[in-house]
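Asker:
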Amino acid sequence: MLAAIFLGLISGLIAVVAVAAAVTGDTVEAIGFGLAAILAGHVTAIGITGLRHPRPATEPPSAGVNDRGESGLAFPYARLPYYLITVTLVLVALLAAGFTAVMAAGGSATGWVLAAISGGFAVFASWFLIVLLRLAPGTIVLTPSGIYHRSLVLEHFVPWDAVVDVQARDGPNPWITVKALPMDGTRERRHTGRLHTFEGGLLPFLVARTSWLGANAVPAYQAIRFYFDHPDQRPQLHAGDLPTSR
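Quick note on numbering: the sequence shown equals residues 416 to 661 in our numbering.
1. Starting from residue 528 and walking both ways along the alpha helix (DSSP H), at which residues does that stretch end?
2. By a C-beta neighbour count over all protein chains shown, 10 Å radius and 16 as the cutoff for buried, is residue 405 buried or exposed?
3. Since residue 550 and residue 606 should fall inside the 8 angstroms C-beta cutoff, what is the C-beta to C-beta distance between them, to a whole number of angstroms?
4. Spatial neighbours of residue 515 within its chain, please: CB distance less than 7 angstroms, with the 5 preceding and 5 following residues excluded, ordered by chain position.
5. Using 8 angstroms as the threshold, is the stretch 491-505 in touch with the stretch 626-643, meaning 3 or more CB pairs across them?
6. Under the three-state reduction of DSSP, which class applies to residue 472: helix, strand or coil?
7. DSSP beta-bridge partners for residue 563?
8. Would you tell me roughly how many angstroms separate the C-alpha atoms of residue 647 and residue 456, rounded to the nearest one?
9. Closest to residue 539 by CA distance: which of 524, 511, 623, 582 is it?
10. List the endpoints of the continuous beta strand (DSSP E) containing residue 483.
11. Alpha carbon to alpha carbon, what distance is there between residue 544 and residue 504?
12. When you compare each of 566, 554, 486 to residue 649 by their alpha carbons, which one comes out closest?
13. Report yes if the CB atom of residue 558 is closer than 8 angstroms to the CB atom of residue 621, and no otherwise.
14. Residue 481: buried (16+ other C-beta within 10 angstroms of its C-beta) or exposed?
15. Should residue 428 be labelled buried (16 or more other beta-carbon atoms within 10 Å of its own) or exposed?
16. Identify the continuous beta strand (DSSP E) that holds residue 624 and give its terminal residues.
17. Helix, strand or coil: how does DSSP classify residue 660 here?
18. Rounded to the nearest angstrom, what separates residue 661 and residue 488 at their Cα positions?
19. What three-state label does DSSP hand residue 491 in the structure shown?
20. Buried or exposed for residue 508, going by 16 or more other Cβ atoms inside 10 Å?
21. If you compare alpha carbons, which of 463, 552, 475, 425 is closest to residue 638?
22. I need the DSSP call for residue 592, collapsed to helix, strand or coil.
23. Using the C-alpha atoms, what's the distance from residue 433 back to residue 659?
24. Under 8 angstroms between the Cβ atoms of residue 614 and residue 569?
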């Protein structure tokens, strides 16, 4: 929370500088500092969102399909985190591209080196954003054969036979952990190669952060826990039916 407050103060100060630059007629600086203020504000919002514990969804889960087209119960990611990270990456790419242009225009050796670094960073941010949006929205789908999780840059499927426990980690940034063994039938697809996010670092466990699931976090955990404890109820997942009891 202290980090979020600090970032909020920084974004406010940058916004004041942007307004001052606009008043003095320095359009380029005003635009640059304005974008930086918006970026800092969105990073602050990402931090605050990660600390929120939204109320569980009251409506029943929707039907969905996994990576093989098998139908089941779906618990999609929340929209707000996607908006925040999308705008953040767009702004990072724009600021890095603008810095690249300014450094390259100087014509000095140092400027060209800095332009190459910032240009590479702009390309990286753009590539990561494209991958993220191509997989959006993330989701957890429970099917008769197993649990499918599509996160930001990773697709992971765990058969029910491989699951040994289901846990919910409490704390400032909680997550759901499906402890699984690396058995046949497990599927992993890393869309960014060796570069992975939090979920990819805990394989073969299937991990879903509640900050991304939002209101679906508690219902998703309850459903995973229920079908783990009641294997006889799993066949009805194919029709997207709710369990007869919880």
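Glycine is no exception: its CB is placed at the ideal position from the N, C-alpha and C atoms. Please read all numbers here as calculations on a predicted model, not as lab measurements.
Answerer: Considering the structure as presented:
1. Within the sequence shown, the letter at position 113 stands for residue 528. For residue 528, the enclosing alpha helix (DSSP H) stretches over residues 524-550.
2. Within the shown structure, residues of the chain are numbered from 416 to 661, placing residue 405 beyond reach of any answer.
3. As a working mapping, residue 550 is identified with position 135 in the sequence shown. As a working mapping, residue 606 is identified with position 191 in the sequence shown. About 7 angstroms separates the two Cβ atoms, so the contact holds.
4. Reading the sequence shown from its first residue, position 100 is the one you call residue 515. Taken in chain order, the residues that qualify are 530, 533, 534, 537.
5. Touching, per the Cβ criterion.
6. On the sequence shown, position 57 is the one that residue 472 refers to. Residue 472: coil per DSSP, three-state reduction.
7. Position 148 of the sequence shown, counting from 1, holds the residue named residue 563. Beta-bridge pairing links residue 563 to 556, 572.
8. If you number the sequence shown from 1, residue 647 lands on position 232. If you number the sequence shown from 1, residue 456 lands on position 41. Approximately 48 angstroms between the Cα atoms of the pair.
9. As a working note, residue 539 is residue 124 in the sequence shown. It is 511 whose Cα lies nearest to the Cα of residue 539.
10. For this step, residue 483 is matched to residue 68 along the sequence shown. Per DSSP, residue 483 lies in no beta strand (DSSP E) segment and is marked neither H nor E.
11. As a position in the sequence shown, residue 504 is number 89, starting the count at 1. As a position in the sequence shown, residue 544 is number 129, starting the count at 1. For residue 504 and residue 544, the distance between alpha carbons rounds to 6 angstroms.
12. Here residue 649 corresponds to residue number 234 of the sequence shown, with the count starting at 1. Looking at the Cα atoms, 486 is the closest of the given residues.
13. As a working mapping, residue 558 is identified with position 143 in the sequence shown. As a working mapping, residue 621 is identified with position 206 in the sequence shown. For the pair residue 558 and residue 621, the CB atoms are not nearer than the 8 angstroms cut-off.
14. For the purposes of this step, residue 481 is taken as residue 66 along the sequence shown, with counting starting at 1. Classification of residue 481: buried, given that the 10 Å Cβ count is 16 or more.
15. For the purposes of this step, residue 428 is taken as residue 13 along the sequence shown, with counting starting at 1. Exposed is the call here.
16. By 1-based counting over the sequence shown, the position of residue 624 is 209. It spans 621-624 - the beta strand (DSSP E) in which residue 624 sits, taken as one unbroken run.
17. In the sequence shown, counting from the first residue as 1, residue 660 sits at position 245. Low per-residue confidence applies at residue 660: pLDDT is 47, beneath 50, and the placement is therefore not dependable, though the value from the model is reported in the following sentence. Correct three-state label for residue 660: coil.
18. Against the sequence shown, residue 661 aligns to sequence position 246. Against the sequence shown, residue 488 aligns to sequence position 73. For residue 661, the pLDDT reaches just 48, beneath the cut-off of 50, and the residue's location in the model is therefore unreliable, leaving the point undetermined.
19. One-based indexing of the sequence shown puts residue 491 at position 76. Of the three classes helix, strand and coil, the one that applies to residue 491 here is strand, per DSSP.
20. The residue given as residue 508 occupies position 93 in the sequence shown. Under the 10 Å beta carbon count, residue 508 is surrounded by 16 or more other beta carbons and is classified as buried.
21. Here the question's residue 638 lines up with position 223 in the sequence shown. Minimum Cα distance to residue 638 is reached at 475.
22. Sequence index remark: in the sequence shown, residue 592 carries index 177 (1-based). In the structure shown, residue 592 falls within a strand segment according to DSSP collapsed to helix, strand and coil.
23. Position 244 of the sequence shown, counting from 1, holds the residue named residue 659. Position 18 of the sequence shown, counting from 1, holds the residue named residue 433. Low local confidence applies: a pLDDT of 49 at residue 659 is under 50, so the model's placement there is unreliable, with the coordinate-based value given in what follows. Pairing residue 659 with residue 433, the inter-Cα distance amounts to about 58 angstroms.
24. Translated into the one-based positions of the sequence shown, residue 614 becomes position 199. Translated into the one-based positions of the sequence shown, residue 569 becomes position 154. Between residue 614 and residue 569, the C-beta gap is smaller than 8 angstroms, which places the two residues in contact.
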